[in-house]
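In the numbering used here, the protein residues as written are 75 to 159.
Structure representation (structure tokens):
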């Protein structure tokens, strides 16, 4: 059986303060990073293949989607969503 290390109050407080400062600095800097990303997104043209639904005269429904199946179940979820609409 291993003996738990003894942590004195001073080391506990130093570690807690250092962790808190790191979190405050991280959250303080993150809005600037997100602002840069938002400006980059505004410069990009919109994706023409976001989602298209085509209904032909013989009542066939075609869904064109610019996303790929990566194990999220999109091949079963999209027909269900389309059927509800």
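Ideal Cβ placement from N, Cα and C applies to all residues, glycine included.
Per DSSP, residue 130 is not a residue of any beta strand (DSSP E), being assigned neither H nor E. For residue 138, there is no enclosing alpha helix (DSSP H); the enclosing beta strand (DSSP E) has its first and last residue at 135 to 139. Between residue 135 and residue 156, the CB-CB gap stays under 8 Å. As the crow flies, the alpha-carbon of residue 82 is around 36 Å from that of residue 105.
Closest by C-alpha distance to residue 126, out of 117, 113 and 140, is 140. Going by C-alpha positions, residue 85 is about 10 Å away from residue 91.
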